[in-house]
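First residue of the sequence shown? That's 1 in our numbering, and the numbers climb one at a time after it.
Glycine included, every Cβ here is placed at the ideal spot set by N, Cα and C.
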Amino acid sequence: MQSTLFNLLQGKLPVAEGYIRINPNLRLGVFTQHHLDSFDLAKSPLQNMMARWPLANEVSSHMHTYIHTCMHIHTYIHTYIQTCIHTYIYMHTYIHIYMHTLSYAYLLSSHTGLT
1 MQSTLFNLLQ
11 GKLPVAEGYI
21 RINPNLRLGV
31 FTQHHLDSFD
41 LAKSPLQNMM
51 ARWPLANEVS
61 SHMHTYIHTC
71 MHIHTYIHTY
81 IQTCIHTYIY
91 MHTYIHIYMH
101 TLSYAYLLSS
111 HTGLT
């Protein structure tokens, strides 16, 4: 089942019914038993990848920087939203107290005859 799915995604098999719409940015990697000869089994998978694609470390560094930047942006947005929530609570409390003050002043003036 899995090999059929991968073969359909790679365009190696025709679609029997319906259609397959693949995102143009899809990058599919397949490792089969036939690829085993091209890897040094004394090395870890990561060491094999680094030996085969030396620029991967540079890409990894760029990805780390990108993720770090995204985390700072997330923290900034979270802080901004928290500030908005605190401001809303402050303003709501202020309006609530102001409305009670007006109600008290109205009751006081109606009982004392002051207008």
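Taking C-alpha positions only, T75 is separated from A16 by approximately 49 Å. In this structure, DSSP gives N7 a helical state, which the three-state scheme calls helix.
R27 carries a coil assignment under DSSP once its states are collapsed to helix, strand and coil.
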